[in-house]
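Report on one structure; see the data block that follows.
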Amino acid sequence: MNYFLGLNSEPIKEIPDPVLSGVGLIRGEYLCRYLEEYVTENSCQIYISSYLSEIAGTFDPFEVWYRTTEFSSEEINVLKGADHKVMEPQSLFGERGVRRSLKYKEVFEIELGIVSQLSKTYGNLNIIFPFVTDARDLEECLSLLSKSGFNNKYGVMLEIPSALNFIEDFISLGVSNITIGLNDLTTFMLGVRRGAPGYDMNHKAIYAFISKAANTINKRVPLSVAGYLNEEVVGNCESLGVDNVIIHYSDLNRVLHIPAEKLEYSDRLKDIKRLTKKRILDSKDGKI
Amino acid sequence: MANVLRGIKSFDMQGDNGSFYNDIGLIYGEGLVKELNQFITIDDCRQKIKEYIIELCKRASPNVIWYKTIDIMGYELKGMEGVENEKIEEEYYLIDNRGVSRGLANQSTFNLELKMLSEVSEVCSNLNVLFPFVRDTYQLEKCILMLQQNNFHGKFGIAIDLLATVFSLEDFLSMGIQNITIDIDHFTTFTLGADKSSSYYNTTHPSIVAFIEYISQIKNKAAVELNIAGDICGLLITKTEHINIDNYIMDHIPPIDIPYERGEPVELFSGA
Chain A
88 MNYFLGLNSE PIKEIPDPVL SGVGLIRGEY LCRYLEEYVT ENSCQIYISS YLSEIAGTFD
148 PFEVWYRTTE FSSEEINVLK GADHKVMEPQ SLFGERGVRR SLKYKEVFEI ELGIVSQLSK
208 TYGNLNIIFP FVTDARDLEE CLSLLSKSGF NNKYGVMLEI PSALNFIEDF ISLGVSNITI
268 GLNDLTTFML GVRRGAPGYD MNHKAIYAFI SKAANTINKR VPLSVAGYLN EEVVGNCESL
328 GVDNVIIHYS DLNRVLHIPA EKLEYSDRLK DIKRLTKKRI LDSKDGKI
Chain B
344 MANVLRGIKS FDMQGDNGSF YNDIGLIYGE GLVKELNQFI TIDDCRQKIK EYIIELCKRA
404 SPNVIWYKTI DIMGYELKGM EGVENEKIEE EYYLIDNRGV SRGLANQSTF NLELKMLSEV
464 SEVCSNLNVL FPFVRDTYQL EKCILMLQQN NFHGKFGIAI DLLATVFSLE DFLSMGIQNI
524 TIDIDHFTTF TLGADKSSSY YNTTHPSIVA FIEYISQIKN KAAVELNIAG DICGLLITKT
584 EHINIDNYIM DHIPPIDIPY ERGEPVELFS GA
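Line by line, the protein sequences are chains A and B. Take 88 as the starting number for the first sequence in the numbering used here and just add one per residue. Take 344 as the starting number for the second sequence in the numbering used here and just add one per residue.
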């Protein structure tokens, strides 16, 4: 089993540890949340492009996977340049990931354009789509990706439980990467929010889902697992048939025991979460 | 051939209309407390519910009656009498404190409901109980223990609201459940990650049908009934008629056809 790095805008200049085989996931929305700007803003587009360029260059020839933005509506609403302010009482179940992207395609096309342009220079820069419900979602994404001139690999996230039943179709559509997003999958399967009592990535049913996905894929495509993982999950992944585990930068010390002094951006994720939360609260209080 | 039964969500009595009492599929505990605007902690509330269930059981006899324990969301409790010990403010009311999770977090209140049902079961041998939002065997074990401590005489079963329940179904069967009822509304929401207002919400989505087929395959290993309950549309019945469903328990009879905004997904399903 291989270990890949997960990044949420940490501006690393070198590979933190040789045990990492590449970057399994750059979460696009965190680049925007860090900058507090949406993809519609020119400065945000420049930042995304330069960040991906830096990471793809640093990790070359290892693979680097960019995940297109996966926000909740309330997170977008507080960004500069938000194109549509969508109010959803239960945003966890709303227009997230490609649902939003496929609804407002002009913004998605900008994002795909950035990655496609870079893919001409960086053969190791690939793209993965989040919050895909079924094969129809992926087909629509691939149609737009093709028009943008992207030539590298593409993949799909399994985080909505329904996607389990479309693995054959995803493979038929040419994906090179299937990544289980364990954070959201656990919430949807157990009906429990992250951090609440009963939220348990080690739940027997979660392992059953991973195992079923691995059996269906049957090594035709690498199966990865991503999320804010704990050691127990990571320790069990290999026996469940997982090929790659994606460990977020902030978890490298805790899970892989990479020395903390080598991880100078460990607080970046926490800081961004705090910033977004404050903006949402300010928005609710009418301060912005 | 599946039966079409009625979901009871209010104190509905239809006089001497015999067929009404023959067609009761499920009593929703939360529907009754919402109508009374009193929670199960209130003596008067429990008494009214008890009398109502006894009446339904007597009229329905020898048919069985299934009562689903309360599954209520925080915002639904606002303004209700007797909710002082309940968690009401919830950022995401669709998750966390649903069904038996709320019950087991506040067992003294949950026990009042189970005690009331047990008292009914002493005089009505046709009353059974269904537990909603059961995530794992640990939760069901606790529920069964509480039933036993109250000397409940009837059978018990589980609602399927979550995929986690599906993937632990063989374990639940080994614990003696006699009824599996898929709550199609909740199951759709959690399986598609879409609430009812979303254009992605579709109870007839190929993935939903595939999981119902999967549930049926496991259920066939045991002699238990398999039902689908909730906002059932005609298309769902058409798409599941090849599956061994015992009862469709409907909120609306005849079923209302729901126009799905996103339309019918292309049939690319490849099996679970």
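The beta carbon of each residue, even a glycine, is placed where N, CA and C say it ideally should be.
Beta-carbon within less than 6 Å of residue i's beta-carbon, same chain only, minus the 5 sequence neighbours each way: which residues are those?
i	result
Pro-217(A)	Arg-154, Glu-157, Gly-184, Met-244
Gly-310(B)	Shown here, chain B extends from 344 to 615; a query on residue 310(B) therefore has no answer.
Tyr-364(B)	Arg-402, Ala-403
Phe-275(A)	Pro-248
Ile-601(B)	Cys-576
Ser-353(A)	Ser-337
Taking a contact to mean a Cβ-Cβ separation below 9 Å, would you say residue i touches residue j in this structure?
i	j	result
Glu-123(A)	Lys-167(A)	yes
Leu-199(A)	Ser-235(A)	yes
Leu-310(A)	His-290(A)	no
Gly-111(A)	Asn-331(A)	yes
Ile-523(B)	Leu-512(B)	yes
Ile-215(A)	Phe-237(A)	no
Ser-188(A)	His-548(B)	no
Asp-594(B)	Ile-575(B)	yes
Thr-532(B)	Phe-180(A)	yes
Glu-141(A)	Pro-98(A)	yes
Leu-375(B)	Ile-397(B)	no
Leu-516(B)	Val-567(B)	yes
Thr-412(B)	Glu-378(B)	no
Glu-334(A)	Phe-91(A)	Reading off the sequence shown, one finds Ile at residue 334(A), where the question assumed Glu. A contact, by the Cβ cut-off of 9 Å.
Val-194(A)	Tyr-294(A)	no
Ile-359(A)	Val-165(A)	no
Val-347(B)	Ile-561(B)	no
Arg-355(A)	Asn-317(A)	no
Give the C-beta separation of residue i and residue j to the nearest angstrom, bearing in mind that I take them to be a contact with Cβ-Cβ under 8 Å.
i	j	result
Glu-432(B)	Gly-446(B)	Wrong, their Cβ atoms sit about 19 Å apart, outside the cutoff.
Gly-268(A)	Gly-210(A)	About 26 Å; that fails the 8 Å criterion.
Ile-258(A)	Val-202(A)	Between Val-202(A) and Ile-258(A) the Cβ distance is about 22 Å, and since that is not below 8 Å, they are no contact.
Tyr-336(A)	Gly-93(A)	6 Å
Leu-483(B)	Met-518(B)	6 Å
Gln-177(A)	Tyr-435(B)	6 Å
Ile-308(B)	Asn-570(B)	The first residue shown for chain B is 344 and the last is 615, placing residue 308(B) beyond what the model contains.
Ser-206(A)	Asn-239(A)	5 Å
Glu-556(B)	Ile-586(B)	6 Å
Looking only at its own chain, which residues have a Cβ that is under 8 Å from the Cβ of residue i, when we skip the five neighbours before and after it?
i	result
Glu-584(B)	Ala-345
Phe-554(B)	Leu-506, Val-509, Phe-530, Thr-534, Ala-615
Glu-175(A)	Ser-159, Ser-160, Glu-161, Gly-181, Glu-182
Leu-611(B)	Bear in mind that the predicted position of Leu-611(B) carries a pLDDT of just 34, short of 50, making it too unreliable to give a figure here.
Asn-449(B)	Asn-428, Glu-429
Ser-468(B)	His-496, Gly-497
Ignore the nearest five residues each way along the sequence and tell me which others in residue i's own chain have a CB closer than 7 Å to its CB.
i	result
Gln-381(B)	Asp-387, Cys-388, Met-423, Glu-424, Gly-425
Arg-361(A)	none
Leu-225(A)	Phe-216, Val-219, Val-243, Phe-257, Leu-260
Asn-494(B)	Ser-461
Ala-301(A)	Leu-310, Leu-327, Gly-328, Val-329
Gly-186(A)	Sequence check: residue 186(A) is Arg here, not Gly. Closer than 7 Å at Cβ, skipping near neighbours: Phe-218.
Val-466(B)	Ile-397
Hey, is residue i close to the ligand MN, as in C-beta under 8 Å from one of its heavy atoms?
i	result
Phe-257(A)	What this structure holds is no ligand at all, so the ligand MN is not there to describe.
Continuous beta strand (DSSP E) assignments of at least 3 residues falling wholly in the stretch 90 to 140 of chain A: 107 to 114
Residues in the stretch 435 to 449 of chain B having any Cβ partner in chain A nearer than 8 Å: Tyr-435, Tyr-436, Leu-437, Ile-438, Asp-439, Arg-441, Ser-444, Ala-448
Chain B contacts made by the stretch 219 to 233 of chain A, where a contact means CB separation under 7 Å: Thr-220, Asp-221, Ala-222, Arg-223
Members of the stretch 253 to 276 of chain A that neighbour chain B once the beta carbon cut-off is set at 8 Å: Phe-253, Ile-254, Glu-255, Asp-256, Asp-271, Thr-274, Phe-275, Met-276
Start-end ranges of the alpha helix (DSSP H) lying completely within the stretch 232 to 309 of chain A, minimum 4 residues: 254 to 259, 269 to 277, 291 to 304
Positions along the stretch 495 to 524 of chain B whose CB lies within less than 9 Å of some CB in chain A: Asp-504, Leu-505, Leu-506, Ala-507, Thr-508, Val-509, Phe-510, Ser-511, Asp-514
Within 7 Å of chain A by C-beta, residues of the stretch 534 to 545 of chain B in sequence order: Thr-534, Leu-535, Gly-536, Ala-537, Asp-538, Ser-541, Tyr-543
Contact set between the stretch 174 to 188 of chain A and chain B, restricted to residues whose Cβ is under 9 Å from the partner: Glu-175, Pro-176, Gln-177, Ser-178, Leu-179, Phe-180, Gly-181, Glu-182, Arg-183, Arg-186
Start-end ranges of the beta strand (DSSP E) lying completely within the stretch 407 to 493 of chain B, minimum 3 residues: 408 to 411, 470 to 474
Near-chain B residues of the stretch 314 to 327 of chain A (beta-carbon distance less than 7 Å), N- to C-terminal order: none
Against chain A: residues of the stretch 475 to 494 of chain B by CB proximity under 8 Å: Phe-476, Arg-478, Asp-479
Complete runs of the beta strand (DSSP E) confined to the stretch 130 to 197 of chain A [at least 3 residues]: 150 to 154
Complete runs of the alpha helix (DSSP H) confined to the stretch 202 to 234 of chain A [at least 4 residues]: 222 to 234
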